[in-house]
């Protein structure tokens, strides 16, 4: 960890676009490998269920049996789900209906590292793993799993850094493409449209897109067109080296991510009610909570600040910490925090939500249920009398023995007693 600070930091800038500072690897011979993960969710506590990697020489694909089931969004994203047959749990492909061959997480990770050691080949300095994500999620999940099984040291001996193809596309395609998603770039650059539900397909496309964007850069002229795939791979790794974060840097970012998540968890008393409402409110609350956590604000700090001078202290804290935040988001945070610490002043959003629920009689605040469209929305009136006839026909006995009045509309019979007709 300490040696990381001695590495050279470079600023990537091309086409007038600056993509921050990354910790550059020292020059050397590296092998580039595309990779990706399928997971049970997008949180740090979620598990790996598919590890895939691609290089021009070989490919790797291994399904992993998770302890927990995939959430609904993960099932739809990856088209796999966990089934139970008797006492056994299996991973099933939703498209083909076939049961997938799986291993435990520790054996899947060990096989992945062993495959990387073979693919490394003549690259004496190690391997660079490249994926394609707007926000790096796969790398922290992989490092967390490796730490859990004490495999990080062996992994770090082979892999020297992580590169994000999304950042490469942001720099090199800033003036030609508006969306830098994997689907858009594969259609525009590779003239190819494929399903992206499998990690194996995403790993291959991530490698091919980076290869297309960095073609011809930092390669000796003698190697171009020579057909030497290994030499081309080394030249490609050299071209993408400036976009690479070292494993040590990713470890530090993982530690920072855990700290941010700890701050977010501490603010549950503030954002808990909003997280249990509909999806739109959950997204809004998650975004606001993340803004506070990344600004190094947690619930104990908010409580101590409010106890000093109330509303003015909260206002000063938000103004000093949230300097890069939009004024609208800062106002929403101030309104939400004051609604929590001062129950008399509730945020407008909460009042609006309460009014809507009271107006329409919404019972399910999660917003996940849908109205029943198979039955009519008109409710037929039901009499409290258990002997009320619900047919439209009138029996002769009823019409002769009791002077009851019947309605003529087609529906349940509405009766009225003689006393109710007497004024």
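Numbering (the UniProt record's numbering), first residue to last: 1 to 423. Beta carbons: idealized from backbone N, C-alpha and C, even for Gly.
Would you mind giving the Cβ-Cβ distance between residue i and residue j, rounded to the nearest angstrom? I have them listed as a contact below 8 Å.
i	j	result
residue 89	residue 82	6 Å
residue 243	residue 164	7 Å
residue 63	residue 101	7 Å
residue 199	residue 38	5 Å
residue 429	residue 94	Within the shown structure, residues of the chain are numbered from 1 to 423, placing residue 429 beyond reach of any answer.
residue 425	residue 32	Given that the chain is displayed from residue 1 to residue 423, the structure contains no residue 425 and the question cannot be resolved.
residue 197	residue 279	Not really, about 22 Å apart at Cβ, beyond 8 Å.
Can you give me the Cβ contacts of residue i inside the same chain, cut-off strictly under 6 Å, excluding the 5 residues immediately before and after it?
i	result
residue 285	271, 274 and 275
residue 299	266 and 267
residue 66	40, 47 and 49
residue 206	34, 130, 131, 132 and 165
residue 281	274
residue 254	140 and 143
residue 192	186
residue 152	146
residue 241	25
residue 382	Here the model assigns residue 382 a pLDDT of 44, short of 50, so the residue's position is not dependable and the matter cannot be decided.
residue 195	none
residue 391	Residue placement at residue 391 is flagged as unreliable, the pLDDT there being 43, under the threshold of 50; a coordinate-derived value is accordingly withheld.
residue 149	106
With a threshold of 7 Å on Cβ separation, who are the neighbours of residue i within its own chain once the five nearest residues in sequence on each side are excluded?
i	result
residue 211	236
residue 158	113, 116, 117, 120, 126 and 127
residue 137	42
residue 313	305 and 306
residue 318	330, 333 and 334
residue 36	52, 131, 138, 199, 202, 203 and 206
residue 256	none
residue 85	none
residue 393	Reliability of the predicted coordinates at residue 393 is poor, the pLDDT of 43 falling under 50, and the value obtained from them is presented with this limitation in mind. Excluding positions up to five away in sequence, the list is empty.
residue 181	none
residue 315	334
residue 325	291
For residue i, which of the options has the nearest alpha-carbon?
i	options	result
residue 289	185, 330 and 80	330
residue 57	44, 204 and 95	204
residue 124	30, 294 and 319	30
residue 334	296, 292 and 324	292
residue 190	179, 172, 178 and 213	213
residue 108	324, 51 and 197	51
residue 134	183, 336 and 318	183
residue 264	296, 233, 254 and 247	296
residue 260	294, 252 and 180	294
residue 340	301, 44 and 269	269
residue 336	324, 302, 27 and 152	302
residue 28	44, 97, 122 and 91	122
residue 45	320, 150 and 258	258
residue 251	155, 308, 97 and 320	155
residue 328	344, 309, 194 and 287	287
Which residues in the same chain as residue i place their Cβ atom closer than 8 Å to its Cβ, once the five residues preceding and following it in sequence are excluded?
i	result
residue 311	338 and 342
residue 103	62, 63, 64, 65 and 111
residue 323	none
residue 69	40, 81 and 82
residue 443	The structure shown has nothing for residue 443, since the chain only spans 1 to 423.
So is the beta-carbon of residue i under 6 Å away from any non-hydrogen atom of the ligand SAH?
i	result
residue 283	Inclusion of the ligand SAH in the displayed structure is not the case, the ligand content being empty and no account of it being possible.
Tell me, please, whether the CB atom of residue i is closer than 7 Å to any CB atom in chain C?
i	result
residue 263	The structure shown has no chain C; it contains just one protein chain.
Given 8 Å as the limit, is there contact between the stretch 70–86 and the stretch 163–180, that is, 3 or more CB pairs closer than that? Here the stretch 70–86 does not lie against the stretch 163–180, with fewer than 3 beta-carbon pairs under 8 Å apart.
What are the complete alpha helix (DSSP H) segments, minimum 4 residues, inside the UniProt domain "Exuperantia SAM-like" (268–340)? For the UniProt domain "Exuperantia SAM-like" (268–340), whole alpha helix (DSSP H) runs of length 4 or above, ordered along the chain, are 268–275, 279–294, 299–309 and 311–321.
Along the chain, which unbroken stretches of the beta strand (DSSP E) at least 3 residues long are found entirely within the UniProt domain "Exuperantia RNAse H-like" (30–189)? Runs of the beta strand (DSSP E) inside the UniProt domain "Exuperantia RNAse H-like" (30–189): 31–39, 48–54, 59–64, 80–85, 88–93, 127–131 and 159–164.
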